[in-house]
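> In this note's numbering, the protein residues as written are 1069 to 1711.
Positions of the beta carbon are idealized from the N, C-alpha and C atoms, including for glycine.
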Amino acid sequence: MIDRDGRRRPLDDWAPGNSLARLLRDRATRSFLMSAGLDLQIRDDGVQVPVTSLLRALPSAAAQLPSAPEEVRQKMAAQNLRAATLIGLAQAVKSGTASHDQLIIGWGDPRPRPTLVPEPAEPSESLLALVEVDATNIDSFLNSLVELPSDRCLPQATLHDAIVPLLDDAATAGAAARVLGRFGVETAVSSLEHALARVTTVDDRLDVIAALTNLGRRELGQRTLRSIIRHGDTEARRKAVETLVDLAEEADATFLRELIAVVTGVERLMVAVAMYRVGERSAFSVISQEVARLSAETSADEAALALRAAESLASRRFVPMLEAYQARETRPLLGRRAGLVAERLAEQGVDEPPPKELMELAEEAYFQNRPEEARRSLESLIALNCRNPRALYIYANCLKDEGQQEEALKACDAALSADAAYWRSHRLRGSLLWDLARHEEALHAYDRALNLNPVDPYTWYYKGYVLYRLRRDDEALPCLDRALSLKSDSPYIHNQKAFCLERLGRYADAVRCYQRSLQLRPEDLTIRDYLGQGMQQCSRLQDALECYDEVLQADPARAETIYHRADVLYDMELWDEAAAGFERYVALESDSYNGWFYLGLCLRFTDAYQEAAECFKRALLLRSDSVNARRHLAYCEARAGRG
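Right, here's the structure in full:
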């Protein structure tokens, strides 16, 4: 015989109290089995007996069985193995079936109850033979039918006629319900509903519920399970949760979400496992919490249930939490069991990255400018309901970069809900509120960020920028000074301070800010253009002109600098040179009112009245309500007419 670990063992090694082992040790019994060409192998639930040779050796089971030694038949009868059962099962095995078909002699605890069970095709006659077999053997036979391969079909009508009457017997009701549910006997639904009201044990009740659920009566099954879970004792409640986990499908997601609020401990873990398996990835956080609670103080039974539930998830995402439990579990058996489950998930589980790995992937992708990849990793992480404030913060940044300010604000609020002290989320929230034109709220958000981290230069800068945009320059300037005291090498903070100083009329100070910014970034043409404008405001016209010339040497077609240079020449009253500059500008920017207007003025001042009038006409086409353009046009037309 072969034991459950695959090792060959003599019959004499089996427990003397096992009646099946005693039967098989009997020399006459073994001689009978060997004469039929049977090779015995033991497994967890009984003895496997391949039947290919039986079909060759026994042309007619009914004819051959009586030829067995009397003492063998007596021993079989003593073990409740009636001839009718053996005959029916043998007849059910078709000639020429595959070699893996087998007869199984099985027994259950605490009292061995041997019976012969088929794994054949269409054992319809064995079903009919059940009417002649006592209830103990019927129950064992039904249990074995449930374990037939999923692709094995049995006649619905025969199943209904043979199995439904067994629902009325307390000894067979549960097993009968399992068979009806397993083979989808829809005609048995009404009988099962009546049986649900009659059965008295929790096990039978759960078997009937499972059958009804498999046959489409999920709502009835859920109602009954909810009642048992809420009002049953510990054992009944746990069995009901186990049944629920086995039956759970995607359609049960809402029911599972409701149920998880009323269960605790290992039962809550089991419900969360069911949720995860039907696609509710948010259940990951509950699973993580419950596994984190496992310790040496947890009862061995509950720890074993938790490990069995975790293993059923079949995902490597749960490996780190199981390894952490293994490290803190002081009981060797459970510690080894946790390690084995973690190892099995790592090797065979679905490749679902754990939260830490998802976070690392997201950060790497985001900071390497792969926003779509970062967003996918973050959405997978957020779906696990891990409440990671940094993940939500980066996700909000991704949404902001995509222009989804409202959604980004929701993500930012979720980050703050997870950790109100995460100051970066407050700062980001300020920027989002500004983009959404909620200006005062934006300032409050920056203040909260600064309360948590008063030495972040960027928050001071953002606050100063908002105040500048709100034309509160006196309040903006101290914020920008504070930002520069913390980060003096930032060109754009120097530029922002210069803008503020210009509006306050402090042009010389603004020029110094631009010069400092240009020292930090000398190749930046925009800053050099700003410096030229600042010098022009200080009446340093020649210095401004030199600034603009340096810009145009690097970029001759830079339209805004061409305009600013022409404007300096205008201030210097160099009309011809200024006119040439404005002509270059309108050639690039033909829709500029200022370009045409000032070109017209330069031409007027050089007495080119007709050309000037044409420029003012172009200006009026762009801004018809311009009083100045209309006045200068009238003047030039009048002078041109006199000429």
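So who's on the other strand from V1418, going by DSSP bridges?
Counted from its first residue, the sequence shown places residue 1418 at position 350. Note: V1418 sits in a beta bridge opposite S1383.
> DSSP on M1640, reduced to helix/strand/coil?
What you label residue 1640 is simply residue 572 of the sequence shown in a count that begins at 1. Three-state result, M1640: coil.
> Say whether the region 1332 to 1350 touches the region 1446 to 1460, bearing in mind that this needs 3 or more beta-carbon pairs closer than 8 Å, one atom from each stretch.
With the cut-off at 8 Å, the region 1332 to 1350 and the region 1446 to 1460 touch.
> Do the region 1691 to 1700 and the region 1664 to 1672 meet, that is, are 3 or more Cβ pairs less than 8 Å apart?
Contact between the region 1691 to 1700 and the region 1664 to 1672 is present, because at least three Cβ pairs lie under 8 Å.
> Could you have a look at N1086 and say whether DSSP puts it in helix, strand or coil?
As a first step, residue 1086 must be located in the sequence shown, where it is residue number 18. Unreliable positioning characterises N1086 in this predicted model, as indicated by a pLDDT of 38, which lies under 50. The coordinate reading is nonetheless provided below. In this structure, N1086 counts as coil in the three-state DSSP scheme.
> Going by other Cβ atoms of all chains shown within 10 Å of its Cβ, with 16 needed for buried, is V1247 buried or exposed?
Residue 1247 sits at position 179 when you count from the first residue of the sequence shown. So V1247 ends up on the buried side.
> Starting from the Cα of A1278, find the closest Cα among G1252, D1644, R1298, S1485 and give me that residue.
In the sequence shown, residue 1278 corresponds to position 210, counting from 1. It is G1252 whose Cα lies nearest to the Cα of A1278.
> Thinking C-alpha only, which one of Y1653, A1655, L1690 is nearest Y1661?
As a first step, residue 1661 is located in the sequence shown; it is residue number 593 there, counting from the start. Here the closest residue by C-alpha is L1690.
> Comparing C-alpha positions only, which one of G1300, D1592, A1395 sits nearest to D1271?
Position 203 of the sequence shown, counting from 1, holds the residue named residue 1271. D1271 has its Cα closest to that of G1300, out of G1300, D1592, A1395.
> Mind checking which residues open and close the alpha helix (DSSP H) that includes S1585?
One-based indexing of the sequence shown puts residue 1585 at position 517. Counting along the chain, the alpha helix (DSSP H) containing S1585 begins and ends at 1575 to 1588.
> If we define contact as Cβ-Cβ less than 8 Å, is Q1472 a contact residue for chain B?
Looking at the structure shown, chain B is missing, and only one protein chain is on hand.
> Go through its chain and collect everything with a Cβ distance to A1342's Cβ below 7 Å, but skip five positions before and after it.
As a working note, residue 1342 is residue 274 in the sequence shown. L1312, V1313, A1316, L1324, listed in sequence order.
> Given that a residue counts as buried once 16 or more other Cβ atoms are within 10 Å of its Cβ, and exposed if not, what is S1363?
For the purposes of this step, residue 1363 is taken as residue 295 along the sequence shown, with counting starting at 1. Per the 10 Å Cβ criterion, exposed.
> Pick from G1602, Y1463, W1491: whose alpha carbon is nearest that of C1568?
Taking the sequence shown and counting its residues from 1, one reaches residue 1568 at position 500. Closest option to C1568, Cα to Cα, is G1602.
> On the three-state DSSP scale, how would you describe N1453?
Numbered from 1 along the sequence shown, position 385 holds the residue referred to as residue 1453. Three-state DSSP puts N1453 in coil, outside helix and strand.
> What do you reckon, are the CB atoms on V1044 and L1373 nearer than 8 Å?
The requested residue 1044 does not occur in the structure, where the chain is confined to residues 1069 to 1711.
> From this set, S1380, D1275, A1230, which residue's C-alpha is nearest A1241's C-alpha?
As a working mapping, residue 1241 is identified with position 173 in the sequence shown. Cα-wise, what sits closest to A1241 is D1275.
> DSSP on Y1490, reduced to helix/strand/coil?
Taking the first residue of the sequence shown as 1, we reach residue 1490 at position 422. In the structure shown, Y1490 sits in coil (DSSP, three-state: anything other than H, G, I, E or B).
> Between which two residues does the alpha helix (DSSP H) harbouring G1668 extend?
Along the sequence shown, read from residue 1 onward, the residue named residue 1668 stands at position 600. Element bounds for G1668: 1661 to 1673.
> Please go through the same chain and pick out, in chain order, the residues whose beta-carbon is closer than 6 Å to the beta-carbon of M1338, but skip the five residues on each side of it.
By 1-based counting over the sequence shown, the position of residue 1338 is 270. Counting only Cβ-Cβ distances below 6 Å, and skipping sequence neighbours, we find V1309, V1313, A1377.
> Kindly list the residues whose CB is nearer than 8 Å to the CB of D1524, restricted to its own chain and excluding five residues on each side of it in sequence; keep chain order.
Start at 1 with the first residue of the sequence shown, and residue 1524 comes out as number 456. Same-chain partners within the cutoff: W1491, R1495, A1517, L1518, L1554.
> Looking at the secondary structure, which residues open and close the alpha helix (DSSP H) in which V1276 lies?
Mapped onto the sequence shown, residue 1276 falls at position 208. Start and end: 1270 to 1282.
> Give, in chain order, every unbroken run of the alpha helix (DSSP H) that is at least 4 residues long and sits entirely within the region 1455 to 1483.
Counting whole runs of 4 or more residues, the region 1455 to 1483 contains the alpha helix (DSSP H) stretches 1457 to 1469.
> In chain order, what residues of the same chain have a beta carbon less than 6 Å from the beta carbon of D1320, not counting five sequence neighbours either side?
The sequence position of residue 1320 within the sequence shown is 252, counting from 1. Nothing meets the Cβ criterion.
> Is it right to say R1405 is buried, meaning 16 or more other beta carbons lie within 10 angstroms of its own, or is it exposed?
Walking along the sequence shown from the start, residue 1405 turns up at place 337. R1405 should be labelled buried.
> Can you say whether L1477 is buried or exposed, counting buried as having 16 or more other CB atoms within 10 angstroms of its CB?
Position 409 of the sequence shown holds residue 1477. Under this definition L1477 is a buried residue.
> Does the distance from the CB of E1657 to the CB of A1627 come in under 8 Å?
Here residue 1657 refers to the residue found at position 589 of the sequence shown. Here residue 1627 refers to the residue found at position 559 of the sequence shown. Their beta carbons are under 8 Å apart, which means E1657 touches A1627 by this criterion.
> For the alpha helix (DSSP H) containing I1595, name the first residue and the last one.
Here the question's residue 1595 lines up with position 527 in the sequence shown. Note, I1595: alpha helix (DSSP H), 1593 to 1605.
> With DSSP run on the structure shown, which of helix, strand or coil describes T1311?
Position 243 of the sequence shown, counting from 1, holds the residue named residue 1311. Three-state DSSP puts T1311 in a helix.
> For R1539, count the other beta carbons within 10 Å of its own beta carbon; 16 or more makes it buried, fewer makes it exposed. Which is it?
Here residue 1539 is taken as the residue at index 471 of the sequence shown, counted from 1. Flag for R1539 reads exposed.
> Looking only at its own chain, which residues have a Cβ that is under 6 Å from the Cβ of L1484, when we skip the five neighbours before and after it?
Within the sequence shown, the letter at position 416 stands for residue 1484. Hits under 6 Å: S1493.
> When you compare only the Cα positions, how much space is there between Y1526 and L1511?
In the sequence shown, counting from the first residue as 1, residue 1526 sits at position 458. In the sequence shown, counting from the first residue as 1, residue 1511 sits at position 443. Going from the Cα of Y1526 to the Cα of L1511 covers about 14 Å.
> What is the rounded straight-line gap between the Cα of V1636 and the Cα of Q1604?
Taking the sequence shown and counting its residues from 1, one reaches residue 1636 at position 568. Taking the sequence shown and counting its residues from 1, one reaches residue 1604 at position 536. The straight-line gap from Cα to Cα measures roughly 7 Å.
> Judging by CA-CA distance, which residue of F1684, A1706, R1707, A1414 is the nearest neighbour of N1696?
Counted from its first residue, the sequence shown places residue 1696 at position 628. Considering only alpha carbons, the answer is F1684.
> Once you ignore the five residues that flank Y1575 on each side, which residues in its own chain have a CB closer than 8 Å to its CB?
For the purposes of this step, residue 1575 is identified with residue 507 of the sequence shown, where counting begins at 1. If we look at Y1575 and ignore the five residues flanking it on each side, its Cβ neighbours are L1569, G1602, Q1605, C1606.
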